[in-house]
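Novice: Residue numbers (our numbering): 14 to 154. I have a structure I would like to understand better, so I am pasting it below and will then ask my questions one at a time.
What follows is the structure, encoded as structure tokens:
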């Protein structure tokens with residue numbers, strides 16, 4: 014059963030929108046660089062006490078910078094490059110390969126009508142977003 018990538022992406026977006034999934038990609042590398050840079054400047058300007066203050070201030074800035082940048086999962090999915098969308102399509106097809114849908118419309122109706130299938134697809138999405146994108150997933154507003 015041939016299914017277009019765009020149809021699968023829209024279905025995954027619909028399922029994730031239904032659950033109000035949001036994800037934040039962690040930027041721990043940026044936070045670490047910022048912490049180190051501020052500690053370095055503090056050490057240059059104030060010696061050992063400046064280093065301590067710079068490290069504390071840099072750590073707070075780094076933590077603030079890397080937290081709370083949540084975006085809706087549908088937005089993230091639609092912005093993925095085609096190679097990443099192809100990975101999702103492959104994972105999707107592995108889950109729905111045993112369904113008797115003859116075309117995309119029928120397949121989508123089967124998926125949307127089954128809570129168990131939607132849960133499997135959500136689990137696949139959460140796994141993809143956390144492992145492949147290194148993001149944290151939250152539900153709700």
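Yeah, the Cβ is synthetic: ideal placement off N, Cα and C, and Gly gets one too. None of these values were measured; they are calculated from a predicted model.
Report yes if the C-beta distance between residue 29 and residue 109 is below 7 Å; otherwise report no.
Specialist: Counted from its first residue, the chain shown places residue 29 at position 16. Counted from its first residue, the chain shown places residue 109 at position 96. Taking 7 Å as the Cβ cut-off, residue 29 and residue 109 do not qualify as a contacting pair.
Novice: Excluding the 5 residues preceding and the 5 following residue 130 in the sequence, name in chain order all residues of the same chain whose CB lies nearer than 7 Å to its CB.
Specialist: Against the chain shown, residue 130 aligns to sequence position 117. Excluding positions up to five away in sequence, the list reads 124.
Novice: List, from N- to C-terminal side, the alpha helix (DSSP H) runs of 4 residues or more that fit wholly inside the segment 44–102.
Specialist: Runs found: 86–91.
Novice: Identify whether residue 32 lies in helix, strand or coil by the three-state DSSP scheme.
Specialist: Residue mapping note: residue 32 aligns to position 19 of the chain shown, counting from 1. Looking at residue 32 - three-state DSSP - the assignment turns out to be coil, as it is neither helix nor strand.
Novice: Go ahead and pull the three-state DSSP assignment for residue 124.
Specialist: Numbered from its first residue, the chain shown carries residue 124 at position 111. Helix.
Novice: Given 8 Å as the limit, is there contact between the segment 94–107 and the segment 133–150, that is, 3 or more CB pairs closer than that?
Specialist: Short answer: they touch.
Novice: In whole angstroms, what is the alpha-carbon distance linking residue 61 and residue 54?
Specialist: Numbered from 1 along the chain shown, position 48 holds the residue referred to as residue 61. Numbered from 1 along the chain shown, position 41 holds the residue referred to as residue 54. Going by the C-alpha atoms only, they are around 11 Å apart.
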